[in-house]
Amino acid sequence: MTLKLTINGQERELAVPPQTPLLNVLRNDLALNGPKYGCGLGECGACSVLIDGMAARTCVLPVSAAVGHEVTTLDGLSQGGELDPVQQAFIDAQAAQCGYCLNGMIITVRALLNHNTQPSAQQIRTALEHNLCRCGTHVEILQAAERAVVINAAALQEAPHE
Numbered sequence: 001m002t003l004k005l006t007i008n009g010q011e012r013e014l015a016v017p018p019q020t021p022l023l024n025v026l027r028n029d030l031a032l033n034g035p036k037y038g039c040g041l042g043e044c045g046a047c048s049v050l051i052d053g054m055a056a057r058t059c060v061l062p063v064s065a066a067v068g069h070e071v072t073t074l075d076g077l078s079q080g081g082e083l084d085p086v087q088q089a090f091i092d093a094q095a096a097q098c099g100y101c102l103n104g105m106i107i108t109v110r111a112l113l114n115h116n117t118q119p120s121a122q123q124i125r126t127a128l129e130h131n132l133c134r135c136g137t138h139v140e141i142l143q144a145a146e147r148a149v150v151i152n153a154a155a156l157q158e159a160p161h162e
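Using full-length UniProt numbering, the first residue of the sequence shown is number 1, and each one after it goes up by one.
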């Protein structure tokens with residue numbers, strides 16, 4: 001069966017079984033290695049992507065569920081050679097140790113900012129509470145998320161208005 005997907009703004013046709021986990025398709029068929037295999041149960045967040053701007057766990061999501069939706073991976077967040085404000089904030093805050101969880105952390109913060117451009121510190125914590133970091137960089141991750149709010153707000157002000 002051939003499925004048509006929109007991944008990082010590009011139309012893709014894939015001959016894969018519809019129940020294949022989206023994570024497997026992204027990593028194995030499309031060589032998009034931002035999403036990581038973590039727990040395989042949808043609990044750690046390492047495999048997260050944006051689907052229509054909302055965070056989704058791809059290890060438990062069949063590829064068929066992405067048909068007709070815009071899928072954005074970590075690889076697709078940057079635009080025109082410019083990092084997404086969330087990516088830049090994580091670099092600025094040096095919010096990585098091993099880096100395995102960062103995909104999910106960045107995707108989750110981006111999803112939050114897509115729907116709430118000025119989240120409180122508590123809203124950030126709530127959004128990230130189901131993303132696991134085993135290295136203990138939680139303080140830096142929270143600092144990065146708070147910095148992302150500031151950078152994102154500046155980017156929104158600079159963006160051309162229609």
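The C-beta atom is built at its ideal place from N, Cα and C for all residues, glycine as well.
Treat the numbers as computed from the prediction; the structure is a model and nothing was measured.
- In the assembly as shown, residue 91 is an exposed residue. Its beta-carbon has fewer than 16 other beta-carbons within 10 Å.
- Secondary structure at residue 23: helix, using DSSP grouped into helix, strand and coil.
- Excluding its 5 nearest sequence neighbours in each direction, residue 27 has C-beta neighbours in its own chain below 8 Å: 33, 35, 37, listed in chain order.
- Counted as a single uninterrupted DSSP element, the stretch harbouring residue 61 is not any beta strand (DSSP E), since DSSP gives it neither H nor E.
- Unbroken alpha helix (DSSP H) runs of no fewer than 4 residues, entirely contained in the stretch 77-105, are found at 85-92, following chain order.
- Runs of alpha helix (DSSP H) with 4 or more residues, each lying fully within the stretch 121-148, are found at 121-128, listed in chain order.
- It is roughly 28 Å from the alpha-carbon of residue 4 to the alpha-carbon of residue 102.
- Under the three-state reduction of DSSP output, residue 156 falls in the helix class.
- For residue 1, no beta strand (DSSP E) run applies, since DSSP gives it neither H nor E.
- Taking 8 Å as the upper bound for CB-CB distance, residue 106 and residue 49 are not in contact here, some 11 Å apart.
- Within the same chain, 32, 71, 72, 73, 75, 76 come within 8 Å of residue 8 by CB-CB distance, once the 5 residues on both sides are set aside.
- Taking a C-beta distance under 8 Å as the contact criterion, residue 135 and residue 98 qualify as a contact pair.
- Using a 10 angstroms sphere on the CB of residue 84, the tally of other CB atoms reaches 16 or more, which defines it as buried.
- In this structure, residue 131 sits near residue 45, with a CB-CB distance shorter than 8 Å.
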